[in-house]
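Heads up, the thing below is written out as structure tokens.
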Amino acid sequence: MPAHHSRGSAGADATTSNRGTDAPDTPTFATARDPVAGDAPRAPEPPVSRRVMVAAGIALAAGVAGAVPLVGQTTSGGEPPVAAAPAATDATHEHAPAPGPQADPAVLAAARKAAFAPEAPAAAAASKLSDQKAGTVREYWIKAVNVPWDVAPNGLDPVMGREVPIGQRTLTAIVYRAYTRNWAKPLANTSASGDNDGIPGPLIEARVGDKVLVHFKNDDQVYKLPHSMHFHAFFYGLGSDGAFIPGISGRGGNVPVGKSFTYRLTAGPQSAGVWPYHDHSKGMHDGIPKGLYGAIAILRKNEKPPDRRFIVAFENTIGYDTINGRAFIGNTPTFRARVGETVEWNVISLGDNFHTFHVHGHRWLNDAKVPEDTRTIGPGESFRVKWTEDAPGTWYYHCHVESHMNNGMIGLFKVDR
Ligand SMILES: [Cu+2]
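Residue numbering for the sequence shown follows our numbering, starting at 408 and increasing by one per position.
Here you go:
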């Protein structure tokens, strides 16, 4: 039976012992209670400790998502081509696109078969943190880049048998992408690194006690907007808050195109759980709807990572209600697990709407130890639910707001014996 679950804000041990003191040329980590003396004035690319795990620790459950590669999308190595111009579609939040025509029956049958096929999208990569001791310094090299994005690559809503016309489902997205040191080259998509092509951005993993350096570079050559990274739940100085405050915030709150900034973060006892990170610059109202968000997964000091971790990011993308930037089954991630494995859903939500996360055939315990199978989540909120898998079959997971699920916010969860 599904049993364990925990909210993001897990720690009852609320002390903040994770303080650091500033010293030149070494990475330091101020806490949230260490206001302006944070790291704002520091150089964006400081020398850093070599005692480091590079962002190879990325295990993005959404590795599943890229079932249907986008035209022109790289699957490893090189920079993806940037679309020639921003898509004509205005990324307005709430306007659902007009339903497409009924799909050709043969095309539809093929898409349905693909969506349910056992060999369809692979399972999530496991966490890389299993053998890591707390107190590690973890480094991530991340760029905001433009990629062509298709909300429904198979062109269909297989449940309702509708087409999703090409002219209504593409945009030039802005996404966070993980790179090797000094942004030398994008990390390849592998079973270990997960999906590094887009939405959500790379999973930021840490354990309570760890320090995390995120080296961010804004390479938004299409929209040429300022961007930033704002991390929930970590402890940091004001300079690493990543939010633009007129006259107050430093360079990290509004990073212009071509510039970079290093955010210095510490995972304290209250940081355990799953959390969102996202653009919080002056460009955030374009950046977030176009893809600038991702998840943070922080383990407690001695917590064992799950066998499967699924990232579910709710947002509205060019009018569709999307999961990880995609709409409708076969486009949204098909998550996979086997009976006996520990399965952890990491749910985050952006945008303007409240959603109700629901998984068929399963249930978990809420904070009051009462079973539930649906949980409400609002913008900026996050939670994780966990169980030991015991229900083979092909199940829906979806937002239970009916207009949202009908507008794309639905996916498949396939459990093998
Ligand atoms: Cu919803």
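For glycine and all other residues, C-beta sits at the position ideal for the given N, C-alpha and C.
- Would you decide whether A613 is buried or exposed? Buried here means 16 or more other CB atoms lie within 10 Å of its CB. buried
- Since S810 is in the alpha helix (DSSP H), which residue starts that stretch and which ends it? Here the alpha helix (DSSP H) through S810 covers E809 to N813.
- Item | Proximity winner among T749, Q509, V619 and G694, relative to S724 (alpha-carbon distances) | In the sequence as displayed, the identity of residue 724 is Thr instead of Ser. Taking only the C-alpha atoms, the option nearest T724 is G694.
- Item | Inter-residue Cα distance where the pair is D686 and G675 | 22 Å
- Report all residues from its chain with a CB closer than 8 Å to the CB of K666; omit the five preceding and five following residues, and keep chain order. Correct list, in chain order: P451, K624, N625 and R658.
- Kindly indicate which three-state DSSP category R658 falls into: helix, strand or coil? helix
- Message: In the DSSP assignment, the beta strand (DSSP E) including H762 goes from what residue to what residue?
- Response: Its beta strand (DSSP E) spans residues H762 to V766.
- the region 710-727 touching the region 558-572, judged by at least three CB pairs closer than 8 Å: yes
- DSSP on A574, reduced to helix/strand/coil? It should be pointed out that residue 574 corresponds to Gly in this sequence rather than to Ala. G574: helix per DSSP, three-state reduction.
- Query: Per DSSP, what kind of secondary structure is N753 in: helix, strand or coil?
  - Reply: Residue state for N753 is assigned as strand, using DSSP reduced to three classes.
- Item | CA nearest to the CA of N596, picked from N589, W590 and G605 | Closest by alpha carbon: G605.
- Reference M691; option with closest CA among V554, G654, G758 and T741: G758
- Query: Helix or strand or just coil, what does DSSP make of I817?
  - Reply: strand
- Query: Is the beta carbon of M636 within less than 7 Å of some heavy atom of ligand 1?
  - Reply: no
- Task: Out of K776, R707, S810 and G660, point me to the one whose CA is closest to F651's CA.
- Result: G660
- Tell me, please, which residues DSSP counts as bridged to E788. Per DSSP, none; premise fails for E788.
- With G818 and T749 assumed to form a contact (beta carbons below 8 Å), what rounded beta-carbon distance in angstroms separates them? That belief does not hold up - the Cβ atoms of G818 and T749 are roughly 20 Å apart, past 8 Å.
- Item | 3 or more residues per run - each beta strand (DSSP E) lying fully within the region 643-724 | 667-673, 680-685, 700-706 and 715-724
- Alpha carbon to alpha carbon, how far is R770 from E779? Per the coordinates, the alpha-carbon of R770 lies some 5 Å from the alpha-carbon of E779.
- Can you tell me the Cα-Cα spacing of E751 and W794, whole angstroms? 7 Å
- Message: Using 8 Å for Cβ pairs, my map puts V808 next to T763. What's the rounded Cβ distance?
- Response: 6 Å
- Query: From the DSSP output, which residues share a beta bridge with V554?
  - Reply: For V554, which the question treats as bridged, DSSP gives the partners A580.
- Query: Can you list, in chain order, the residues of its chain whose CB lies under 6 Å from that of H767, leaving out five sequence neighbours each side?
  - Reply: So the list reads W802 and Y803, once near-sequence residues are dropped.
- Check whether the Cβ of M691 sits closer than 7 Å to any heavy atom of ligand 1, and report yes or no. Result no, Cβ not under 7 Å from ligand 1.
- Query: Helix or strand or just coil, what does DSSP make of R625?
  - Reply: It is worth fixing the name first, because residue 625 is Asn in this sequence and not Arg. In this structure, DSSP gives N625 an extended state, which the three-state scheme calls strand.
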